[in-house]
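Single-structure report; data block below.
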Amino acid sequence: MKNLDTKKFKSNIVNIDDLNSLPTKSAWIYLISFLFAIAVLFASGLIWLAAVELIIITMLFSYHLWFARTNAIETSQYIQNLAFHIDNANTKDELLHFPLPLAVINTNSDVIWYNALFSDEITNTQDFEDIIKARFTEINIQNVIRKRANFTFNINLEDKSFEVIGKVFGEKSPNHSVVLYLINRTLDKNLQQQLDDSQAVIARITIDNYDDFLTSGNDKKENSSLLSDADDIITKWIDEVSGVSYKTEADKYIILFHNKFLQQQITDKFKFMDEFQNLNKTSRFPITLSIGIGSNGGDIYKNDTLSLDALDMAMGRGGDQVVIKQGDEFQFFGGRSMEYEKRTKVKPRLIADALQKLLTNVESVFIMGHKGADCDSIGAAAGLAAIMRSRGIQTNIVLDTKTCTCPDLVANLIDSDNYDNIFVSPNFALTLDHTNSLLIVVDCHKPSYMECTELLNKIPDVVIIDHHRRDADFLDNASLAYHEPYASSTCELVVEIIEYMGGNVKLTREEVFSLYAGIVMDTKNFTFKTGVRTFEAASYLRVLGVDTIAIKKLFQTNIEDYKIRANIISASDIYRDIIAISTINPQTFILAAAPPTATPPPTDITADTSQPDESTANTTNISTLDAPHSISHTPYNEGEYKVIISQTADELLSIKGVEASFILYQHDDKVAISARALNNVNVQIILESLGGGGHTTMAGADVDGNIESTLPMLKQAIDEYLDA
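Pasting the structure below:
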């Protein structure tokens, strides 16, 4: 069937009964004019010229009559056939007399025909076609054609909103067409917008570090002036959103305002928070805000609950930011400044007491960290294992050695007297008895990042001990959560718990070594995120006899690894003047076998079994561990290359002018990103947009795809952060 040109049919169809009206009135006018001209020629004696012109005019007019009749018949038959496709003979006049705007288009989104009501509503057909083309791509029109299904969607055009209902016809023809019915929903949308704008929103504001600020040693007049300025900024913002406020405490506010103003603040990205940065320029101790906002809860009570959750999330991410919770979804704004230590010794004492109560009736404890366990994760697990040993509780540390980044530390623990049968693989852990068990997750709070997520379904009682900035995927049904983003490491938190457990907990030399190693690694040898409490924990471990020289040797590298790091650094580029980016591929880690060393052979550990029996139930079920500086590094396993990548990212920060570094590495169908930063760039916020997370100065992400597709995404995230 021939498709008709869009521009020819801007009104209702030509009916077959109207064919007698052809030719048109304008055609008759032209004909009469030409006949008059021919008569003048005859009268002037130019008979031969008049005859020729008469013949030409007769031929043209005959062709015009034939073309108009054929076109009209084709048009009428085509539209009638459309009606038959849509329904049946009883409704074939539907298209002709349908009371709504209606258009017929092909699968390329070209308008074939439309009725008069459509032309009244839509004045720009090209814009309409462009919008429909985009929507056809979204709904996969070819799939709709195969299923012969109706479809519906909404579009906005020329300040109007329409609901579009589509019907595909022409199943027996290779040229499918689509009938689109348009329902004007502009009034409905405007009313809904007014309703949404008038919804109540509740915000809770807390001045971060308020108590510490008052006792920071600043001049009292200076403190008073800064707090007064902070209050003025908050009051100005409350007026800006036309809110009603109540100051519950000296550092806490509750504000009620309309959703319309919240949307404006989201668009402006809460610019008023930047004013607090100016306050901190003159103060020796920072003063920042944490804001939690609850909206779309359905009523004020629910929104108040959401605002509390949002504020808790903001505080858990280090403060100095706005968190909005709408239903189950979080939005984050700010959080660009560094965390400042803000902890009291009350909380670890309460956590230690609560943990002891949870252990009262527990027969076994499972401890696990995140995938790709590092020194902080292993050290924290070792410290908790010491607590369990002091109470006579069976302990299992769940570890996948294929992705572990510190096999030397694990081997050191296994060689000690107290770690027989302690380490188990994730698969083996699932086969064990979980009756009266407690699961403790260290150095991680996101289920998707945990070493064995399936254990969460096996063991209902879960304890979280973590120091990473809180993510929206935080495991919120834990029996006990000790989450401190201000802490340097999870090992620091575990050391404080051990201190408040009393003298019954006896740490072995290997456990002290592991805890100290975790702190050293996460602080980069007491450089990053190191507070007073960090040194107190380190001092406690130093008193117990930790060997700092052995710690230094633990983090030594071999010459092959060092060469790889040098190659990665040499391949890096500087982006936006302050960002170092390097991309590498698996071939970088394919090396010839290193020459033999005097190092003892790898520790032999029983391999994993899928089902336990009497002969294997009490054996350690993890894969063979590499001893320090093992003979061959061909090929590197996942844990080894992650260590090299993270070490190289740290070294890139030693380049003058570099504030942050990103290394991208292709591994299977994912791209691993390791990021490090100094004080001026928050790499956690950058990588959160790619599904990652971590700390302000140390973060990572695993992105589906390849380096070619991931690198532009990373640069876009960096641009959005730097340009904010």
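Numbering (my numbering), first residue to last: 293 to 1016. Quick reminder that beta carbons are idealized off the backbone N, C-alpha and C, glycines included. From a predicted model like this one, the values you see are computed outputs, not experimental measurements.
- In the three-state scheme derived from DSSP, where H, G and I count as helix and E and B as strand, Ala-646 is classed as helix.
- A direct Cα-Cα distance of roughly 6 angstroms separates Phe-818 from Val-812.
- The three-state reading of DSSP puts Val-471 in strand, counting E and B together.
- Judged by pairs of C-beta atoms under 8 angstroms, the region 760 to 773 touches the region 984 to 991, as three or more such pairs exist.
- Within the same chain, and ignoring the five residues on either side of Arg-641 in sequence, the residues whose Cβ sits closer than 7 angstroms to its Cβ are Tyr-792.
- Distances from the alpha-carbon of Lys-663 to those of Ser-740, Thr-800, Thr-727 and Leu-956 put Ser-740 closest.
- Positions of the alpha helix (DSSP H) runs, each at least 4 residues long and wholly inside the region 752 to 809, are given as 782 to 792 in order along the chain.
- The C-beta separation of Ala-809 from Gly-671 comes to about 6 angstroms, placing the pair in contact by the 8 angstroms criterion.
- Annotation: the region 427 to 502 contains the following complete segments of the beta strand (DSSP E) (minimum length 3 residues), in chain order: 443 to 449, 452 to 461, 469 to 476 and 492 to 499.
- Counting only residues of its own chain and dropping the five nearest sequence neighbours on each side, Leu-748 has a CB closer than 8 angstroms to the CB of Leu-731, Pro-739, Met-742, Val-754 and Leu-767.
- Taking the Cβ atoms as the reference, Thr-399 lies roughly 7 angstroms from Val-470, within the contact range of under 8 angstroms.
- Residue state for Thr-819 is assigned as coil, using DSSP reduced to three classes.
- The Cβ neighbour count for Pro-391, taken over all protein chains shown within 10 Å, is under 16; the residue is labelled exposed.
- Around the Cβ of Ile-497, a 10 Å sphere holds 16 or more other Cβ atoms; the residue is buried.
- CA-to-CA, the gap between Tyr-538 and Thr-527 works out to about 11 angstroms.
- Pairwise C-beta distances place the region 820 to 833 in contact with the region 775 to 791, as three or more of them are shorter than 8 angstroms.
- Within a 10 Å sphere around the beta-carbon of Trp-405 sit 16 or more other beta-carbons, which makes this residue buried.
- For Ile-414, no beta strand (DSSP E) encloses it, and the DSSP letter there is neither H nor E.
- The beta carbon of Lys-816 is closer than 8 angstroms to those of Asp-942 in its chain, skipping five residues each way along the sequence.
- Within the same chain, and ignoring the five residues on either side of Ser-669 in sequence, the residues whose Cβ sits closer than 8 angstroms to its Cβ are Gly-661, His-662, Val-734, Asp-735, Cys-736, Thr-782 and Gly-810.
- When the alpha-carbon of Gly-619 is set against those of Arg-609, Gly-626, Asp-596 and Met-607, the nearest one is in Asp-596.
- With a 10 Å radius around the Cβ and a threshold of 16 neighbouring Cβ atoms, Ser-582 comes out buried.
- Remark: fewer than three beta-carbon pairs, one from each stretch, lie closer than 8 angstroms, so the region 718 to 732 and the region 959 to 973 are not flagged as touching.
- In this structure, Leu-807 places its C-beta atom within 7 angstroms of the C-beta atom of Leu-833.
- Comparing alpha carbon positions, the residue from Arg-477, Arg-868 and Thr-559 closest to Gln-623 is Thr-559.
- Following the DSSP letters along the chain, one finds Val-975 inside the alpha helix (DSSP H) bounded by residues 975 to 980.
- Gln-484 sits exposed, since fewer than 16 C-beta atoms from the chains shown fall within 10 Å of its C-beta.
- Using a Cβ distance threshold of 7 angstroms, Pro-777 and Gly-626 do not count as a contacting pair.
- In this structure, DSSP gives Lys-750 a helical state, which the three-state scheme calls helix.
- The shortest C-alpha to C-alpha distance from Cys-744 to any of Leu-472, Asn-416, Thr-695 and Glu-430 is the one to Thr-695.
- Per DSSP, Phe-847 lies in no beta strand (DSSP E) segment and is marked neither H nor E.
- Non-local beta-carbon contacts of Ser-682 in its own chain, meaning distances under 8 angstroms to residues more than five positions away in sequence, involve Met-793, Asn-796, Val-797 and Lys-798 in chain order.
- Taking the Cα positions, Phe-445 is about 21 angstroms away from Asp-412.
- Under DSSP, Ile-526 forms no beta bridge with any residue.
- Around the CB of Gln-418, fewer than 16 other CB atoms lie within 10 Å, so the residue is classed as exposed.
- Residue burial annotation: Trp-529 is buried, with at least 16 other C-beta atoms found within 10 angstroms of its C-beta.
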